[in-house]
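Residue numbers (UniProt numbering), protein chains in the order written: chain D, 1 to 327; chain S, 1 to 327; chain Z, 1 to 327; chain C, 1 to 327.
Note that the Cβ used here is the ideal one computed from N, Cα and C, for glycine as well.
The following block contains the structure:
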């Protein structure tokens, strides 16, 4: 894409974690210009006053004003805030909207805009023509990527899932469960068997495997590290390991960010990238699926850019060839 | 107990992690004298040459010789090493043996010695009269403490368990999965649905609930912290939360180290103590049991001392009132 | 000491970190009864409602009332709060006071009470007869223990010190620099060359080496772990390494918690104990002194109990034989 | 630069940490093709067999053969190995060599090749015309970047420096000081006042400030995190803070990776980037300089690519616009 035709992007809620990641990705995106970064509380301040790592990379300031001279807007707002924003803001009809909250993931509408669920590995072609996309939840992304190939082949049975998340999943708000002294070297759980992402997960699984009424048991765990989600799911299955691996490789063939590993995986393979890596095991009659992602990237801002790339006709990987932290 | 009648204890395999913890506990135990700490490779060196934190606490040296002038011997050896030791060593018949390996947990015998499974919360009275005790595995202890009250009341159904362990569970051997650069901020799994502790767990559960043939699905996770085990198990149950809490509190009534919390728990409540804390939740028809312990204490050396206290007629908590690290 | 003559202790400010550590130590202290734990905001709640690790160890409640039926009171209050408390509270004259704040460390008086600086390795005999003790600061303790033998021999020259502290040093208040996501894997400094502990340090050094007017340059660093202080100081010195080691060993001879290591040390040797370990190196004409402690124990509550032991005629180590966390 | 003129690069020692980082950067470098990745022990294996995070990014295999059909070779070998490699390998004269070891940093020659010290902020123009570059050490880079502006203006006096490094600085070799259980939550020092990087540091400082004979006291600390170096240096100075900030900003003007922050900095601002951020403080008569970098990037492979960019006439930042990990 030639320089003069760069996509103009606006970011709403640019002072939070996902907003910061959005800025970091878009500043280096070859086909995008960041037109504005909106934050009421930080208007007038340079971006690096909040995102200190951006010192030396941009002199852009936060703004309290919205502009309609953009092609796409990313909403990096809290749950419940996106719908309020959409109801009150005067957004021009031509602007594509990508929302990172959970406000529109179950097919909710606002001001005549319908949102498409933005999981490219499930429905890339639908996203390509979408005007509005609801970006999936972080846990929901990793869990679904572990289950989609089975659902697409009608092979889902009762699922048992453990998910461990880094502290960035809880955002930047100061709270006792994100106090360093408490969380370091500590483990705890929350919303056990009752996490809100189960709704969007179940919706996707039933879309792919109509009539699926099995259980999805999900134990979310607070990990003592900042970034990344580890998922282990298991279920009864007749598939051999070889057949399961083939099924998964076939399903993800052509998807640039989701890969099947035939070796033992570990979380840091994907931290600070937009990738999801999956590993399968078969023990007795149970198929085990491990899937890993960076919760802020493939689980949030990275996938949002992936969706933008699809919606805008760009290379799906543009701006997303990110160097892993590895260690 | 008066000073002149102190129990004389020997430690075999005193240079490893569980051996070190045994020394730390016994040095401060009011009713015990450490008679010898055996380590072939460190014979002649002061204990603090290996366990550097002991500087200033003892001038005891490792020895390569065994003495029969002891009341009890703790075997802190690797799996497979305890049985070899027992076969080759000339241990006087009066000496009580407490083995921390998995060599005798399933009822194995050696040289006419039969080993009792050393889980006090399951069979304290049997341990009180035992001559030889096989100390339970770390994961096995925490998982069983989460399930015993159900099994004792015939209420077990298929169990789904996740367990997260600190790096000390893997011992002091240098290996890639315990390299700091790799393990920091990382998550991985191992022996999924196939961990060796399932054998002793199943044996105990069937002892309490004869005929139990349900599943025990166990996903072991490598955590990125040194100490502690977090267990979450869930199963179908008709019990209300209140009834389940009562069942657990009744079962553990009088057991000084295992407690039921009615608040959300977190792992660091028990780190560096001999305690196990349990928390219950009921979501729909599923009962959730969280149980936590320090893998080196209640999961190894602390429980071994608890067993010794029982076997020697001491207060069950003697030497085990340990200050939690908390943070 | 016989049971009937136990020391009765009260704790004011029992809901904070140092208050919690005080409770943990005193509950297991053989010669002390905890008479009350005062906390205005938590009055009526069980201790374990705040200090969750105490579940199963005590049913004591926080109280909002003070009692004069105690022998000693520990003030675990914020800086500036202790002086306010002393001015407003009606404390009986017979009660010994040990204050953990910095309010009385420079010889301040309140209501006719004079405070003795509570560093046993400097002036144990003075503490033994003191009615009121100002417990030293955490950094101040570790830095001074590294320098006292030199000062006592008039050998101090300009000092260059780096100190790294765990996050517990900043207390339990939620703030951006103790947010887990921020602090994990992070390093930063604060109050560089300008830390308030320099005042009490300089006062002690001049007491031992009258006329000392050299520099004490101190760089405080925020470490990414919860507990422990690492100090490295260096200065020009004519002493050989052997002479320096002898000087330090002689100085600390008979002091049960401070030890000189002739091997390389690491912080975790002392975490969760009341010890300070010192290691010396000589490089060219510079003497290097490393000293380590647990900031909440030897650097706060542990040393406070050590002072109480001295003031009350107990064994200096009573209640303080704490098991190291090691790992 | 047009596609048909891409620089062809070879990497020798591609299985280690710096080799891995080199691969990660060059795979996404717009102007470079990775021609070969040499590793004797891994020849024939795919890169992702060693660098598991590369799964899905390249199918390249390690090779045991060297090729002369390259423009530049990076030596990612251990200290002492680079000189052996250069002596035995048959490297064509046209190939530029960038060595990451310390073998050639003090002006050593091999087979008629002279090496230029590759610190762009000191001598960018010399590097632009160099055929061979010795890449600076990780500590050396961060310390020098904190001192260069002073040296260039003849303002250096005795320097006191503390440096804290992540575990990746010690490479991937399994050793007791990089065992997770030991290193987690731990602090220790090594080579105090005697680190080998002092030689290259002193050489640079004297090049800029001829006749400088002051002290450079350096205390290296092992941090308990994987990546990043924190440096705090201080020295006597007549400069006001404002003048010092101006001096530093002027010196680094036009250098794309080194920036002066006027706010408090923290290490994670630069982790996983090629940047160095500097912050100044003035306390009394002492100027304090904090400088931070990622030891594997600006301290190793990132700076090596920066040097290649300069040597090959590319944009200095090509391939080095890396997304910070931030959290």
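Contact with chain D by residue i, beta-carbon distance below 8 Å
{"i": "residue 188/S", "result": "yes"}
{"i": "residue 155/S", "result": "no"}
{"i": "residue 298/C", "result": "no"}
{"i": "residue 288/C", "result": "no"}
Short CB-CB distance (under 8 Å) between residue i and chain S
{"i": "residue 318/C", "result": "no"}
{"i": "residue 261/Z", "result": "yes"}
{"i": "residue 323/Z", "result": "yes"}
{"i": "residue 305/Z", "result": "no"}
Residue j beta carbon less than 8 Å from that of residue i
{"i": "residue 332/D", "j": "residue 285/D", "result": "No statement about residue 332/D is possible, as the shown extent of chain D runs from 1 to 327 and does not include it."}
{"i": "residue 126/C", "j": "residue 75/C", "result": "no"}
{"i": "residue 331/S", "j": "residue 254/Z", "result": "There is simply no residue 331/S to check, as chain S begins at 1 and stops at 327 in what is shown."}
{"i": "residue 140/S", "j": "residue 197/S", "result": "yes"}
{"i": "residue 90/D", "j": "residue 115/D", "result": "no"}
{"i": "residue 120/C", "j": "residue 307/C", "result": "yes"}
{"i": "residue 273/Z", "j": "residue 223/Z", "result": "no"}
{"i": "residue 217/C", "j": "residue 160/Z", "result": "yes"}
{"i": "residue 32/S", "j": "residue 23/S", "result": "no"}
{"i": "residue 187/S", "j": "residue 182/D", "result": "no"}
{"i": "residue 282/D", "j": "residue 247/D", "result": "no"}
{"i": "residue 268/D", "j": "residue 185/S", "result": "yes"}
{"i": "residue 189/Z", "j": "residue 219/Z", "result": "yes"}
{"i": "residue 105/Z", "j": "residue 136/Z", "result": "yes"}
Interface flag, residue i vs chain C, CB-CB below 8 Å
{"i": "residue 1/S", "result": "Interpretation of residue 1/S is limited by its pLDDT of 42, a score under 50 that renders its predicted location unreliable; no figure is taken from the coordinates."}
{"i": "residue 197/Z", "result": "no"}
{"i": "residue 164/Z", "result": "yes"}
{"i": "residue 330/Z", "result": "Any question about residue 330/Z goes unanswered here, given that chain Z covers just 1 to 327."}
{"i": "residue 139/Z", "result": "no"}
Close-in-space but distant-in-sequence residues of the same chain around residue i (CB under 6 Å, 5 per side omitted)
{"i": "residue 15/D", "result": "39, 42, 50"}
{"i": "residue 275/D", "result": "257"}
{"i": "residue 225/Z", "result": "166"}
{"i": "residue 64/C", "result": "40, 43"}
Chain Z within 8 Å of residue i, Cβ atoms only
{"i": "residue 267/C", "result": "yes"}
{"i": "residue 193/C", "result": "yes"}
{"i": "residue 212/C", "result": "no"}
{"i": "residue 185/C", "result": "yes"}
Same chain, Cβ closer than 8 Å to residue i, neighbours up to 5 away in sequence not counted
{"i": "residue 313/D", "result": "128"}
{"i": "residue 244/S", "result": "237, 280, 282, 287"}
Residues near residue i by beta carbon distance below 7 Å, same chain, minus five either side
{"i": "residue 146/C", "result": "231, 233, 278, 289, 291"}
{"i": "residue 199/Z", "result": "106"}
{"i": "residue 205/S", "result": "147, 151, 156, 212"}
{"i": "residue 18/C", "result": "76, 100, 296, 300, 301"}
Exercise. For the UniProt domain "Semialdehyde dehydrogenase NAD-binding" (8-130) of chain D, which residues have a beta carbon sitting closer than 9 Å to at least one beta carbon of chain S?
Worked result: none
For this session: Counting only runs of 4+ residues fully inside the segment 216-302 of chain D, write out the alpha helix (DSSP H) ranges in chain order.
Result: 241-252
Exercise. Considering only residues of the segment 99-171 of chain Z, which uninterrupted alpha helix (DSSP H) runs meet the minimum length of 4 residues and lie entirely inside it, listed in chain order?
Worked result: 120-128, 138-152
For this session: May I ask you to list, following chain order, the residues of the segment 167-183 of chain D that have a beta carbon less than 7 Å from some beta carbon of chain C?
Result: 168
For this session: Can you give me, in chain order, the residues of the segment 216-232 of chain Z that have a beta carbon less than 7 Å from any beta carbon in chain D?
Result: 225, 226
Exercise. Between the segment 270-283 of chain D and chain C, which residues of the former have a C-beta closer than 8 Å to a C-beta of the latter?
Worked result: 270, 271, 272, 273, 275, 277
For this session: Using a Cβ-Cβ cut-off of less than 7 Å, list which residues of the segment 238-263 of chain C approach chain Z; keep chain order.
Result: none
Exercise. Which runs of the alpha helix (DSSP H) spanning at least 4 residues fall entirely within the segment 173-223 of chain C, listed in chain order?
Worked result: 180-183, 197-208
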